[in-house]
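Peer 1: Numbers in the numbering used here are just positions in the sequence shown, counted from 1, shifted up by 8.
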Amino acid sequence: MSDTPVIGVLALQGDVREHLIALAAADAAARPVRRPEELAEVDGLVIPGGESTTISKLAILFGVMEPLRARVRGGMPVYGTCAGMIMLADKILDPRSGQETIGGIDMIVRRNAFGRQNESFEAAVDIKGVPGDPVEGVFIRAPWVESVGAEAEVLAEHDGHIVAVRQGNALATSFHPELTGDHRVHGLFVDMVRANRTAESL
Numbered sequence: 009m010s011d012t013p014v015i016g017v018l019a020l021q022g023d024v025r026e027h028l029i030a031l032a033a034a035d036a037a038a039r040p041v042r043r044p045e046e047l048a049e050v051d052g053l054v055i056p057g058g059e060s061t062t063i064s065k066l067a068i069l070f071g072v073m074e075p076l077r078a079r080v081r082g083g084m085p086v087y088g089t090c091a092g093m094i095m096l097a098d099k100i101l102d103p104r105s106g107q108e109t110i111g112g113i114d115m116i117v118r119r120n121a122f123g124r125q126n127e128s129f130e131a132a133v134d135i136k137g138v139p140g141d142p143v144e145g146v147f148i149r150a151p152w153v154e155s156v157g158a159e160a161e162v163l164a165e166h167d168g169h170i171v172a173v174r175q176g177n178a179l180a181t182s183f184h185p186e187l188t189g190d191h192r193v194h195g196l197f198v199d200m201v202r203a204n205r206t207a208e209s210l
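#1: Return the chain-ordered list of same chain residues with a C-beta closer than 6 Å to the C-beta of ARG39, the five sequence neighbours on each side being excluded.
#2: Can you tell me which of the three DSSP states ILE135 falls into?
#3: Rounded to whole angstroms, what's the CA-CA distance from GLY52 to ALA203? Just pull it up for me.
#4: Using DSSP with H/G/I as helix, E/B as strand and the rest coil, what is PHE197?
#5: Whole angstroms is fine: what's the gap from ALA207's alpha carbon to GLU161's?
#6: In whole angstroms, give me the CA-to-CA distance for LEU31 and SER105.
#7: Determine the closest residue to ASP14 out of VAL156, ALA48, ILE100 and GLY58, with distance taken between C-alpha atoms.
#8: Taking 8 Å as the cut-off, does the region 150-157 touch the region 131-139 (at least 3 CB pairs, one atom from each stretch)?
#9: Report the option in ILE55, ASP23 and THR12 whose CA atom is closest to the CA atom of ASP35.
#10: Expressed to the nearest angstrom, what Euclidean distance is found between the alpha-carbon atoms of VAL86 and GLU74?
#11: Excluding the five sequence neighbours on either side, which residues of its own chain have a C-beta within less than 6 Å of the C-beta of VAL98, listed in chain order?
#12: What number of angstroms, rounded off, separates the C-alpha of ARG81 from the C-alpha of ALA180?
#13: Starting from the N-terminal side, write out each stretch of the alpha helix (DSSP H) that is 4 residues or longer and does not extend beyond the region 41-92.
#14: Considering only C-alpha positions, which residue in the set MET93, ALA132, ASN177 and ARG149 is nearest to GLN125?
#15: Determine the contact status of ALA19 and HIS191, defining contact as a CB-CB distance below 8 Å.
#16: Using a Cβ-Cβ cut-off of 6 Å (strictly less than) and excluding sequence neighbours within five positions of GLY145, which residues of its own chain qualify?
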């Protein structure tokens, strides 16, 4: 078995290309995923930013929502940024009509909590598990986590709000590390995928 994990990026909407570049820089084989058969071929998956309601509807339309839920329940490593964080939440505080999530992290998320598009900002974020200097976080219409359950671990906060969470093989950040050229958060996720592959092969 090659040591290079195959990691997909859910390519329904959002900054797919930037995630593919960041994953490749973190020593993963990265590929876009839109359909169930493509999902079946990856060791882990990134759910990018975008608009969570649109991603939810397109995932259902492309027939990938249920297989994705099943794989996340089965332990496939998954990483969600911004809207992807919303998709991994077990509960959304203010869901749009018909909005569904994949789930996987016992957390309650508030959509657009940090403000609208013109209130986007960058901030240094100290993330547990990411060595070195703080990560530069790009917050664009970003959510925050209102609360987490007992099994979810808070990895980072900004301005008193939770902005990075991990539960088992699921990782989520409010911000976009793929837009900065700093690939350490993607490196953390690639390490999670590699460790999961090793555990499954034993």
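The beta-carbon is built from N, C-alpha and C at its ideal position, and this holds for glycine as well.
Peer 2: A quick look at the data gives this:
#1: Numbered from 1 along the sequence shown, position 31 holds the residue referred to as residue 39. Contacts found: GLY16.
#2: Position 127 of the sequence shown, counted from the start, is the residue given in the question as residue 135. The answer is coil: DSSP assigns ILE135 none of H, G, I, E or B.
#3: Numbered from 1 along the sequence shown, position 44 holds the residue referred to as residue 52. Numbered from 1 along the sequence shown, position 195 holds the residue referred to as residue 203. Each residue's alpha carbon lies about 11 Å from the other.
#4: Position 189 of the sequence shown, counted from the start, is the residue given in the question as residue 197. It is helical.
#5: Counted from its first residue, the sequence shown places residue 207 at position 199. Counted from its first residue, the sequence shown places residue 161 at position 153. Taking the straight line joining both Cα atoms gives about 21 Å.
#6: Position 23 of the sequence shown, counting from 1, holds the residue named residue 31. Position 97 of the sequence shown, counting from 1, holds the residue named residue 105. Cα to Cα, the separation comes out at about 33 Å.
#7: For this step, residue 14 is matched to residue 6 along the sequence shown. In the sequence as displayed, the identity of residue 14 is Val instead of Asp. The shortest Cα separation from VAL14 among VAL156, ALA48, ILE100 and GLY58 belongs to ALA48.
#8: no
#9: Indexing the sequence shown from 1 puts residue 35 at position 27. Residue THR12 is the option with its Cα nearest to ASP35.
#10: Stepping through the sequence shown from its first residue, residue 86 is reached at position 78. Stepping through the sequence shown from its first residue, residue 74 is reached at position 66. Approximately 15 Å between the Cα atoms of the pair.
#11: What you label residue 98 is simply residue 90 of the sequence shown in a count that begins at 1. Per the sequence presented here, residue 98 reads as Asp, with Val not at that position. Result list for ASP98: GLY111 and ASP114, in chain order.
#12: Along the sequence shown, one-based indexing puts residue 81 at 73. Along the sequence shown, one-based indexing puts residue 180 at 172. Taking the straight line from one Cα to the other gives about 16 Å.
#13: 44-47, 60-69 and 73-81
#14: Here the question's residue 125 lines up with position 117 in the sequence shown. Closest by alpha carbon: ARG149.
#15: Residue numbering aside, residue 19 sits at position 11 when the sequence shown is read from its first letter. Residue numbering aside, residue 191 sits at position 183 when the sequence shown is read from its first letter. The answer is no: Cβ separation not under 8 Å.
#16: Your numbering for residue 145 matches position 137 in the sequence shown. Taken in chain order, the residues that qualify are ALA131, VAL133 and PHE183.
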